[in-house]
Structure formats: C-alpha cells, structure tokens
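Colleague:
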Amino acid sequence: MPAWLEQLRRGASDRPLLGTAELHRLARLAEQPGPPERGGAQPGGERLSPLRGHGLDFQELRRYQAGDDVRAMDWRTTARTGRPHVRVYHQEPRPSLYLLVDLGARMRFGTRVRLKAAQAARVAVYQALRTVRDGGAVGAALLGEPPRFWPVRGGRVHAMALTRALAAPCPPPDGFMTTEPDRALGMLRRLPVGTEVLILSDLHWLDSARAGLLGGLVAAGRPVQAVCITDAAERTLPPLGRAPFSVPGAEGALWVDTTRPGVRAAFDAHAMARVASLRRLLTGAGVRFTELGAETPAAVWTRSLGKGLPGRG
22 MPAWLEQLRR
32 GASDRPLLGT
42 AELHRLARLA
52 EQPGPPERGG
62 AQPGGERLSP
72 LRGHGLDFQE
82 LRRYQAGDDV
92 RAMDWRTTAR
102 TGRPHVRVYH
112 QEPRPSLYLL
122 VDLGARMRFG
132 TRVRLKAAQA
142 ARVAVYQALR
152 TVRDGGAVGA
162 ALLGEPPRFW
172 PVRGGRVHAM
182 ALTRALAAPC
192 PPPDGFMTTE
202 PDRALGMLRR
212 LPVGTEVLIL
222 SDLHWLDSAR
232 AGLLGGLVAA
242 GRPVQAVCIT
252 DAAERTLPPL
262 GRAPFSVPGA
272 EGALWVDTTR
282 PGVRAAFDAH
292 AMARVASLRR
302 LLTGAGVRFT
312 ELGAETPAAV
322 WTRSLGKGLP
332 GRG
C-alpha cells in the first residue's frame, strides 16, 4: 500500500463519523416540536409508568387495590358505596424503536458531502433522540466489523450512549467486504410486538429471503421501514474519462470510458433498476421503502422520514 494511502487511512480511522457540531445540530432538531402523536396526548416524564391510572382516557371505575394512587380516588362513589373506589385512566403505550444501522464496508463510501455510513448514523441519532424525548425506548444493531447490539431501553442516558457509538470513527475497509446482516435480522424476530424497526443501509445484502423475513415481522405486528441510502455517484455515473472499476471476485481492475453515452446510459439504467427491484421486494412484503441520498441535508429528511416512519405522524 502506498505511504500516502496508508496516511489517509490512518487519518480517516481517527476521525469520528459525526463531529461534535453535527451532533449538536441533530440534538437541536430532535428537540423541535413535531406533528401531534396518535391520540393527541403527550406522556409525562421520560418514561411511561408500568401502572395504569396516569393517562388521560378514562378506562374504568373499580375497587381500590393496594398500590393504587390515592389521588385517583373517586370520593363520590366511595361515599355512596362505603367502599373505596378509584378511577382508572389508560395511556396507550408508545411503541419502541429498533434501529438497524449498516456501518459496513460498502457504506464507507461517499463522493458528495459525506459517507453513506455518516448519513445512516445521522438519521439514527436523530430518531433515537426524538424517540426518548417522546418517552419511548430505543435499541439498535450496528452492522460492521464486528456488529454491535444495543438493548431496547428508555431514557436520555441510554440514547446518548448509543449516539456516541454511532458517532465513533468508522475506518475504511481493508478490502472488498460485504455486510452479513443475518444475525441482526434474526434478533428482530425476538422484539416485542409493536416495536417499530427502521433499517438504514444501501441494502446491497437484500434478497427475496431476507425481504420475506422482514415481511414476517410486519405480519407479526412489528412495522418496518427500510431507508436505502445511496451516493450520487451510484445513481449517475460521473464523467471521469477512462477509469478503473473493481469487480467482486475478479483480479485486477476493469477500465471503462465513463464519457461514452452508451456506458453512461447503461449505468444509470442499472442503478434505477436496482432501486426499483428493492422497492418491489420490500413493498410487496409490506415494508415501507424510502430512498435517501447521502448528500441530502437534515432539514429535508427530518420532514420526509418523520412522516414515513411506521405509526409516526
């Protein structure tokens, strides 16, 4: 490896995927008011109480039980019956969010503004902070070498620890590597019913079998949205002249004249067909599908993705 490339790799390995200023911007965005939640009621505090009786929707009037909040006493019924009664209110539990964030080798690529992995991390940080702000819980699987897993928990301390993991340095790969998501996908089947799953990846690993697994999650009551993150150079071939391309499983480079109209048209058509194929696979399985450019600013995707998340907005 040339000395200049080794220095570049070391520098990239030491730099965080998301800087401090970027994290502060995402935290401010996550604190901004969003669309009203389902039911229109906001919970009190960071976490929902495991006990009923602290919501806004009246559910039932029943006899007092040990552990009931005396503030919920219905004094009229108590006086009329001679036995203590409480009014019970119900607050619909908010679904947890589980993030599957691809930080693997293929995601460590970018020609405009940032890496695909950085865009995935930005969306994940925003959604994690916003979820706990609204009293929910968040967990994550970070795909990389090796993969890392975070349990579903509530509270800002947990979310900030996950944020630091997402922002950590993401070194360039040593060679051509593919993400192996099967362990993480298998864990999704053990999530509680109602947990919302958000996948952030270029989805190069998706096939019909894995799409079917995601469809099974949806059918079992775990809504899934897949965000396919692409780089501008993956959507439209840059006019670089004669350039080398690496091909999986092939020795040496394949040289291509990127200025030839036929080559450019074929590249663009292939890129569009790939996204269309992913869309068909996932929507056919009941999974929400969104394409997101790595260069897209947060001001754009915080509006569009927030509305597209299962059960949000």
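Here my numbering = 1-based position in the sequence shown + 21.
Quick reminder that beta carbons are idealized off the backbone N, C-alpha and C, glycines included.
Since we're looking at a predicted model, the values are computed, not measured.
What does the Cβ neighbour count give for A141, buried or exposed, with the cut at 16 atoms within 10 Å?
Modeller: Burial call: buried.
Colleague: Can the beta-carbon of L212 be found less than 9 Å from the beta-carbon of G157?
Modeller: The answer is no: Cβ separation not under 9 Å.
Colleague: Report, in whole angstroms, the separation of the C-beta atoms of A306 and L235, which I expect to be a contact under 8 Å.
Modeller: Right, the Cβ-Cβ distance comes to about 6 Å (below 8 Å), so this counts as a contact.
Colleague: In or out: D228 buried (at least 16 other Cβ within 10 Å) or exposed?
Modeller: Answer is exposed; the Cβ neighbour count stays below 16.
Colleague: Thinking R133 and E316 are a contact (beta carbons under 8 Å), I'd like their distance in whole angstroms, please.
Modeller: Going by Cβ atoms, the distance from R133 to E316 rounds to 4 Å, so yes, they are a contact pair.
Colleague: Run the CB neighbour count on V337, radius 10 Å, all protein chains shown included, and call it buried at 16 or more, exposed below.
Modeller: The requested residue 337 is not part of the displayed model; the chain covers only 22 to 334.
Colleague: Enumerate in chain order the residues of its own chain whose CB-to-CB distance from L258 is below 6 Å, with the five nearest sequence positions on each side excluded.
Modeller: Within the same chain, L258 has close Cβ partners T279, R285 and F288.
Colleague: Can you tell me whether DSSP reads G175 as helix, strand or coil?
Modeller: G175: strand per DSSP, three-state reduction.
Colleague: Does P106 come out as helix, strand or coil in the three-state DSSP assignment?
Modeller: For the sequence presented, residue 106 should be read as His rather than Pro. DSSP places H106 in strand when its eight states are reduced to three.
Colleague: Could you give the DSSP three-state label for F266: helix, strand or coil?
Modeller: It is a strand residue.
Colleague: Per DSSP, M94 is paired with what?
Modeller: According to DSSP, which records beta bridges pairwise, M94 is partnered with V107.
Colleague: Taking just the CA atoms, how far does R169 sit from R127?
Modeller: Answer to the nearest angstrom: the Cα atoms are 17 Å apart.
Colleague: Can F130 and D35 be called in contact, C-beta distance under 9 Å?
Modeller: Contact: no.
Colleague: Quick one: what's got a C-beta closer than 6 Å to A162's C-beta in the same chain, skipping five residues either side?
Modeller: L121, F170 and A205, listed in sequence order.
Colleague: Can the beta-carbon of Y85 be found closer than 9 Å to that of R104?
Modeller: Result yes, Cβ atoms of Y85 and R104 sit closer than 9 Å.
Colleague: With DSSP collapsed to three states, give me the class of L136.
Modeller: Of the three classes helix, strand and coil, the one that applies to L136 here is coil, per DSSP.
Colleague: Would you grab the beta carbon distance between L150 and A180 for me? Rounded to a whole angstrom, and I think it's under 8 Å.
Modeller: Contact flag correct, Cβ pair sits at about 6 Å.
Colleague: Under the three-state reduction of DSSP, which class applies to Q53: helix, strand or coil?
Modeller: Three-state DSSP puts Q53 in coil, outside helix and strand.
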